[in-house]
Every structure is written in structure tokens, then in C-alpha cells.
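Engineer: Residue numbers (the numbering used here), protein chains in the order written: chain A, 3 to 515; chain B, 6 to 155.
Ideal Cβ positions, reconstructed from N, Cα and C, are used throughout, including at glycine.
Got a structure here, written out as C-alpha cells. Questions coming.
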């Protein structure tokens, strides 16, 4: 059932077994997972069923760090940020969850095995099942192309599968509408999570609407699932009992904000014979009704040996490199590519794929390279409250996203590994276009992945929530979503958000019964 | 500074290099590569004439293109502006791959051995950056040798 909170009588109090703050990927997944379990659920969604500029403006905030839009990287309506999701799906790698002595604050409370059993149902929810994320044999079989056997031990191919993408708000709307025990309050802004005097339990949610009404939701259990930025904001705003904010006794809420730094235009690859690079490496392929693309990731052994952060690289053909007796000096890049391809012809072929002679129209192709990186958890990269206020007179967020020298060096080392693999196989040559290795000389963007602000650790001095995603020292209060990720890995977070939420649902079913 | 030395200094906006005339003159002198290399002291930084080894043809694609990259390498490593040093280093790398290998071997064999060596150097991470290109060390020196021979 959907109810618009703006149409309820003022000061309505809604009751349920479980209140979920946020109707995005985590909130909808949790509600669906609990449907039919006998647990009544109230989803409190700040937006409506469609985008609304006035509602969206409540996501605006102040930015102090790397150029970033607090409003443009998330959506405040039912379905949340799945409404602009690109559909990239990959599980985390085992190493991403490990405590690594070269990555400060790393280590999840459990290993990848704990998530593995949830990844397959998660893949069904985001409509990519069955997941074939590491199955080279499968992709060779269905694409009919043999994948290169990488030789340096530094890089490997993994596979990204693409969700349609699933827009959770529309895809699962009817199901939620007809579920007997799920109620969705729309246009209901949670202004405070109200805890008892000892802050050991949440007692109610205070809600306001943009037409001036005030309501409340009372439940036995509460789950905060409003996204990686808003989760921190709501906790920090809930400061009537704990001055620093609910769950923030150890000054961790909002800290450790992580993104996946995305870079482009930092390097390119030239190859003589594009046929040596299977299509799935250079373009998104449809096979057996599903789309996938191969990505280059460092091997786990190489990450350990070199003490690196994770990274992923994808490639796409950017253009042909035309032949020409005299390089066109007007286009220095083209001339450089042509020189490289012509000079290295004998190195860029093998017996099966003899390098073509240089008389054709084109001497080869060049490929653009995209990268997304893991960043080290950094307490100074953080979300705090701004002095600026929104239309509900609530403090906006102040975001200060920061990267470290370790992040940069790790990226460069991983990038160099890509050049080595292509050189070792005699497939191509890479050109680094980075002017200064001591700075992010190319623009760094985020992937609209907000992680780490309510990090998970069984040690309350290192985490806001424990291994079950329960807020430390608050008995009936949980957090869902990528804000609980202690480290980010390099995979797009949606699939893991869904898997982790299914795990939380199992825990809550046991606990609430 | 003697005339030869002056001739080989980098020119404004470009790198020091041999002309075709120099190349032909040295070829006429009949200097063998191995013999020449052996006659130079490793500490000797003076430039030397360059005889293009036959096997270079089997290794390099387009010579003009290779030479342009080679010049960029020589700009970064001016101490390599000596054929004997380049050839000695290439030979040393080949011998590390196969102790019995000799640059006097058949040009085809040398070309194949160099291909294997270049790939191996990528595998081992023995690379240099030249104008942004990530090249194997030997590959870069082959381009440099070409630059000094065209």
C-alpha cells in the first residue's frame, strides 16, 4: 500500500513491526524480502513516485573537497538512485573484505563466503542471474572467442554483467503495492530518529512533509536505508540524546566517505590487429540474452605482493589510426599513434595473427581506457553538517571527499601493469597521458557510489554498526546500504547492497519473530 | 670541443643524430659492430659512428617512425648516443636470455630472439617511458639505434 504523507491528517502516528527509512535499493529489497513473513513493514520514503525538483533540492549540500555534487549523484524519489543506475554488476573480490596491513582500517567482520550465498538471489533481483562474473570458460563458449591468457601474473579478466538496469521503484512497485504487510509512506521526510533517554533504543521517527504536516512512525525495529550521504546526515541530525548524533559516540558517523575514483583520458592503447582482442574486451556484448563486458583487474596475488588497492580497467575502440606516408603533424596524437604502430609492427603480431603490412588504409586502432579505483578508507574524507539549512530548516550536508597519495600511487602501478600485459603478449603498446605522477592530473570523478559513512566493524571504536549491521549500543536500530562498507572494493556497489540487505533480512526475520 | 662532438650535440628543438653521409662513411670504413663495440671503454662518453646492424631490419617496422621514437629516447638518455653502447646493452640483454647467443648470428634468428626478449622484458617489468609510451628497455634502445642510423 502506498500512502502520501501529505494527505494524512496532521500528527498521524503509523505503527509497524519494522520501519525502513528510505525506499531505494536497500529499502525496497528489505521490504520485499520480509513480505509474507508476518512482519509488518513501513517504508518511509522522502520522495514520491516520480522525481520532483522541490523534493530533490533537499539533497543539495555544500562541497568542500574534490568537485562533487551532493544532489546530482543521488535521487530522492521511490526507487532512489536505482533510477539513474548504469546497471553495472559485479560482486566484491575476496581480498576486498580482508584485513590488509597496507590498507588502514580495512577488514570486514566476515569473509566473502558470508556474502556468496546472497549474491545469486541478488543477481536475480537485479535481473542478471545467473551470475557469470569470473567464468571465462562460459564467456569464451557463448561468444565463440578465445580470451587471451595473461602472462605477467599482474592482471586478469573479470566480467561485468549489466542489469537492464532494474529501476527498483517501478520494477517492484506493483508487488509492494499489493503486499498485505508493506506500507509505503511517500513524501515523508525523516527529520529525526528519536531515541530513548539512554539512547539504547529508537522510539520513533519524526516526520515532516513539505506541506507542513508532522507525523511519526513507531516500530519495534528500525532500519536506516537512505543512502550513503543521507544516512550520515540523518544520524548527525538526530542529536537530541547523543549530542554528536545517534550512533556517533566514537565520532565515526560521516567519516571514511569513499567513492570509486573514476578516471578517463589518462592513457590509451594502440593495437595493430584488433582481432587479437576479443570483442567482449572492447565492447558490451549480448550473449544468451544478457549483456556483459570484460574488465581488467589486478590479480589478488599481485595486489598482495605490491600492497596495492584494487582497480578495474575497461577498454573501448576509440578510432582507427590512418596510414599515411607523412604523419599529419597537425594531429600530434594521431602521429604518435601511427609512429608507435609502424615502429613496433614486428613486436605486435604472433604466428596466428600476423601483423598486417602497413599498406592498408589503417595501420591499427587505438583504444580508450577507463578506470575505477578503490580508495583507502580515510577518516578525513567525510560528511558533516553544514551551517546552511534546507526548506525544512534542517542542516544540509557538507561533503569533503579526499584522496590520498596511496590512492594515486596504487592507481599508477595498476595502470602500468596493464601496459605490461599488453606488451608481454605482443598485442599493443600503451601511452600514459599523465603529466604529473604526483597529482591527479586528469579530472577525477565519482561513480555516484557513496560508501563508508556508517562503517561496519565488530569493534565499536572502529565501526558505527556491527557485523549484523546493527548500530552499536542501540538495540533495535540497523543500517542498510553501502554506507556500512568498511572498504569499497572496486565493484559497483549495487549488487553487494542487495546481497547485504538480503543477509540483513534473514537476520531480522530471526530476531523479530 | 672537436667538430665531431659539436655535430652530435642536440640541436635546438631536436636531438643530435647522424646523417646518412656519416652512416655511409662509417660503413665504408668497414668497422664491424662487435669489433667496434669491443674497442670502446664503457667510461668513454664520446660519440661514435654508427653502422646499422643487418638484424635491425628484421626487428624494426617503419624506420622513420622508429627513429622518431628513438630520438625521444635519446633526448631522455643522452649517454646512449653511442651506437656501441646501445648495441652492447642489447647484446647483454640477449645473452641474459640465452648465454650462447651472439649478435653475429643470422639476422632472422636475431629478430626472433629480440621479439622474445622484448616480450620477456614486459613480463619482468623492465620498461621505460618514452614520450608517454611504455616500451621495453631493449625495444627503446632498438629505436634509438634506428635513430642513429637513419
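Residue 150(B) CB to nearest chain A CB: under 9 Å?
Structural biologist: The beta-carbon of residue 150(B) is placed no less than 9 Å from the nearest beta-carbon of chain A.
Engineer: With DSSP run on the structure shown, which of helix, strand or coil describes residue 436(A)?
Structural biologist: coil
Engineer: Tell me where the alpha helix (DSSP H) around residue 342(A) begins and ends.
Structural biologist: 334-345
Engineer: Determine, using beta-carbon pairs with one atom in the region 315-327 of chain A and one in the region 183-203 of chain A, whether at least three such pairs fall under 8 Å.
Structural biologist: no
Engineer: Quick one: residues in its chain with C-beta nearer than 7 Å to the C-beta of residue 33(B), no 5 flanking neighbours on either side, listed in chain order?
Structural biologist: Unreliable placement is indicated for residue 33(B), whose pLDDT of 35 sits below 50; the coordinate value is still reported in the next sentence. In its own chain, leaving out the 5 sequence neighbours on each side, no residue places its CB closer than 7 Å to the CB of residue 33(B).
Engineer: Alpha carbons only, please: which of 70(B), 115(B), 110(B) and 56(B) is nearest the one belonging to residue 89(B)?
Structural biologist: 56(B)
Engineer: Here's the rule I'm using: 16 or more other beta-carbon atoms within 10 Å means buried, otherwise exposed. How should residue 100(B) be labelled?
Structural biologist: Exposed is the label assigned to residue 100(B), since fewer than 16 other Cβ atoms lie within 10 Å of its Cβ.
Engineer: Using a 10 Å radius around the Cβ and a threshold of 16 neighbouring Cβ atoms, would you call residue 15(A) buried or exposed?
Structural biologist: exposed
Engineer: Can you list the residues of chain D that residue 489(A) reaches, using a CB-CB cut of under 7 Å?
Structural biologist: Absent here is chain D; the protein component of the structure consists of chains A and B.
Engineer: Where does the unbroken alpha helix (DSSP H) through residue 140(B) begin, and where does it stop?
Structural biologist: Looking at the DSSP string, residue 140(B) is not in any alpha helix (DSSP H); the run it does join, the beta strand (DSSP E), is 138-141.
Engineer: Which residues does DSSP list as the beta-bridge partners of residue 44(A)?
Structural biologist: 21(A) and 185(A)
Engineer: Counting contacts by CB-CB distance shorter than 9 Å, is residue 305(A) in contact with chain B?
Structural biologist: no
Engineer: Residue 70(A) and residue 448(A) look like a contact to me (Cβ under 8 Å); what is the Cβ gap, rounded to whole Å?
Structural biologist: 6 Å
Engineer: Among 392(A), 336(A) and 391(A), which one has its Cα closest to the Cα of residue 366(A)?
Structural biologist: The shortest Cα separation from residue 366(A) among 392(A), 336(A) and 391(A) belongs to 336(A).
Engineer: Would you mind telling me which residues of chain B sit closer than 9 Å to residue 428(A), beta carbon to beta carbon, in chain order?
Structural biologist: 120, 123, 124 and 127
Engineer: Please compile the residues from chain B whose C-beta is within a distance smaller than 7 Å of the C-beta of residue 502(A).
Structural biologist: What residue 502(A) touches in chain B: nothing, since even the nearest Cβ is about 37 Å away.
Engineer: Could one say the Cβ of residue 97(B) lies closer than 9 Å to chain A's Cβ atoms, at least one of them?
Structural biologist: no
Engineer: In chain A, what lies closer than 8 Å to residue 139(B) by C-beta?
Structural biologist: 418, 421, 422, 425, 431, 432, 433 and 434
Engineer: Specify whether the region 391-404 of chain A and the region 54-63 of chain A touch according to this definition: at least 3 beta carbon pairs, one from each stretch, less than 8 Å apart.
Structural biologist: yes
Engineer: Scan the region 58-88 of chain B for residues whose Cβ lies nearer than 9 Å to a Cβ of chain A and list them as they occur along the chain.
Structural biologist: 63, 64, 65, 66, 67, 68, 69, 70, 71, 72, 73, 74 and 75
Engineer: Can the beta-carbon of residue 346(A) be found closer than 9 Å to that of residue 153(A)?
Structural biologist: It is not a contact, given that the beta carbons lie outside the stated cut-off.
Engineer: Quick check: residue 168(A) and residue 507(A), are their CB atoms within less than 9 Å of each other?
Structural biologist: no
Engineer: Please check if any C-beta of chain B sits within less than 9 Å of the C-beta of residue 344(A).
Structural biologist: yes
Engineer: List the residues of chain B that residue 323(A) touches, going by C-beta distances under 8 Å, in chain order.
Structural biologist: Going along chain B, no residue has its Cβ under 8 Å from residue 323(A), so there is no contact; the nearest lies around 11 Å.
Engineer: Can you find a CB in chain B that lies within less than 9 Å of the CB of residue 452(A)?
Structural biologist: no
Engineer: May I ask you to list the residues that DSSP assigns as paired with residue 430(A)?
Structural biologist: 273(A)
Engineer: Once the 5 residues before and after residue 388(A) are set aside, which same chain residues still bring their CB inside 7 Å of it?
Structural biologist: 63, 64, 397, 398, 399 and 400
Engineer: Which residues does DSSP pair with residue 127(A) in a beta bridge?
Structural biologist: Residue 127(A) is not bridged to any residue.
Engineer: Is DSSP giving residue 52(A) helix, strand or coil here?
Structural biologist: coil
Engineer: To the nearest angstrom, report how far apart residue 432(A) and residue 136(B) are at their CA atoms.
Structural biologist: 11 Å
Engineer: Under 9 Å Cβ-Cβ, which residues of chain B neighbour residue 154(A)?
Structural biologist: 127, 128, 129 and 130
Engineer: Starting from residue 509(A), trace the alpha helix (DSSP H) both ways and give me its first and last residue.
Structural biologist: 496-514
Engineer: Measuring only between beta-carbons, confirm whether residue 356(A) sits less than 9 Å from chain B.
Structural biologist: Because the pLDDT of residue 356(A) is 46, which lies under 50, any placement of that residue in the model is unreliable, and the number read from its coordinates should be weighed accordingly. No, no contact with chain B.
Engineer: Can you name, in chain order, every residue of its own chain whose Cβ lies under 8 Å from the Cβ of residue 460(A), other than the five neighbours on each side?
Structural biologist: 111, 468 and 469
Engineer: Under a Cβ-count criterion, where at least 16 other Cβ atoms within 10 Å of its own Cβ denotes burial, should residue 394(A) be classed as buried or exposed?
Structural biologist: Exposed is the call here.
Engineer: Check residue 147(B) in the structure and name its three-state DSSP category.
Structural biologist: helix
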